[in-house]
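What follows is a single structure, written as C-alpha cells, with notes after it.
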Amino acid sequence: MTITTSVMTDEQRISVAREFLLRLDKGGDTLELFDDDALYYFPKRGFMRGKKEIAEFFTQLGAIIATIEHHAAFFNFVVQNDLVVVEGTSHGTTVDGVEWRAGQTHAGNWCDVFEIRDFKIHRLSTYLDPDYASADTARYPWLSQD
Numbered sequence: 006m007t008i009t010t011s012v013m014t015d016e017q018r019i020s021v022a023r024e025f026l027l028r029l030d031k032g033g034d035t036l037e038l039f040d041d042d043a044l045y046y047f048p049k050r051g052f053m054r055g056k057k058e059i060a061e062f063f064t065q066l067g068a069i070i071a072t073i074e075h076h077a078a079f080f081n082f083v084v085q086n087d088l089v090v091v092e093g094t095s096h097g098t099t100v101d102g103v104e105w106r107a108g109q110t111h112a113g114n115w116c117d118v119f120e121i122r123d124f125k126i127h128r129l130s131t132y133l134d135p136d137y138a139s140a141d142t143a144r145y146p147w148l149s150q151d
C-alpha cells in the first residue's frame with residue numbers, strides 16, 4: 006500500500022477554507038471538500054463523522070436557512086501548520102423570512118477552525134449562535150428588546 010500526501014502552503018489551505026464558505030453561500034458541493042472520515046462540529050448539533058452525517062446535517066440546516074452570505078472581504082485568517090482559523094461575519098434569511106446581519110442583529114458573527122491536509126477538510130468546528138432568528142427569548146429576554 007502506498008500512502009501519498011501533498012505538502013500544502015498556507016495560501017492553499019486558506020483557499021480550501023475560503024472555497025468551503027463560498028460554496029455554502031452559492032449552494033455548491035461542499036462535501037467534495039471533506040475527507041471521507043472528516044469530523045465536523047456545529048453548535049446545538051454536536052459532532053458528525055463522515056460525509057454521510059455531514060450531508061444529513063446540511064439538509065437539516067437548509068430547512069432553517071434560506072440564504073446566507075459570508076462577508077469574504079472581511080475574513081480574518083490565522084494559519085498554523087494544518088490548522089486554519091477563519092473569523093468572519095455574515096447575513097442571511099431564515100426559511101421563515103427572518104433576516105439577520107452581523108452588527109445589526111445578534112446573529113452573524115462566527116469563527117471556523119479547519120484542519121486541512123492533502124487539499125481536504127479533515128476536521129471543522131464552527132462556533133456561532135445558531136439562533137439566527139433570535140427566537141430563544143424565553144431564556145434570553147434581551148433578544149426581544151429593541
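Positions in the sequence shown are counted from 1; adding 5 to them yields this note's numbering.
All C-beta atoms in this analysis are idealised placements derived from N, C-alpha and C, irrespective of residue type, glycine included.
These numbers were taken from a predicted model, which means no experiment stands behind them.
Cutting at 8 Å between CB atoms, please list the residues of its own chain near Lys-49, excluding the five before and the five after it. Pro-135
Given Tyr-132, which residues of its chain have a CB within under 8 Å of its CB, disregarding the five upstream and five downstream residues? Pro-48, Trp-115, Cys-116, Asp-117 and Val-118
Buried or exposed: where does Ser-149 fall if 16 or more other Cβ atoms within 10 Å of its Cβ makes it buried? exposed
Please classify Val-89 as buried or exposed, where buried requires at least 16 other C-beta atoms within 10 Å of its C-beta. buried
With respect to the beta strand (DSSP E) encompassing Phe-82, which residues constitute its N-terminal and C-terminal limits? 81-85
So, for Thr-99: in the same chain, excluding its five sequence neighbours on each side, which residues have a beta-carbon less than 8 Å away from its beta-carbon? Ile-69, Ile-70, Ala-71, Trp-105, Tyr-137 and Ala-138
Mind pulling the beta strand (DSSP E) runs of 3 or more residues that sit fully within the stretch 6-73? 39-47 and 51-54
Who are the near neighbours of Phe-79 in its chain, counting only those whose CB is closer than 7 Å to its CB and skipping five residues on each side? Gly-93 and Thr-94
What is the C-beta distance between Phe-25 and Thr-35, in whole angstroms, given that I count them as a contact (C-beta under 8 Å)? 6 Å
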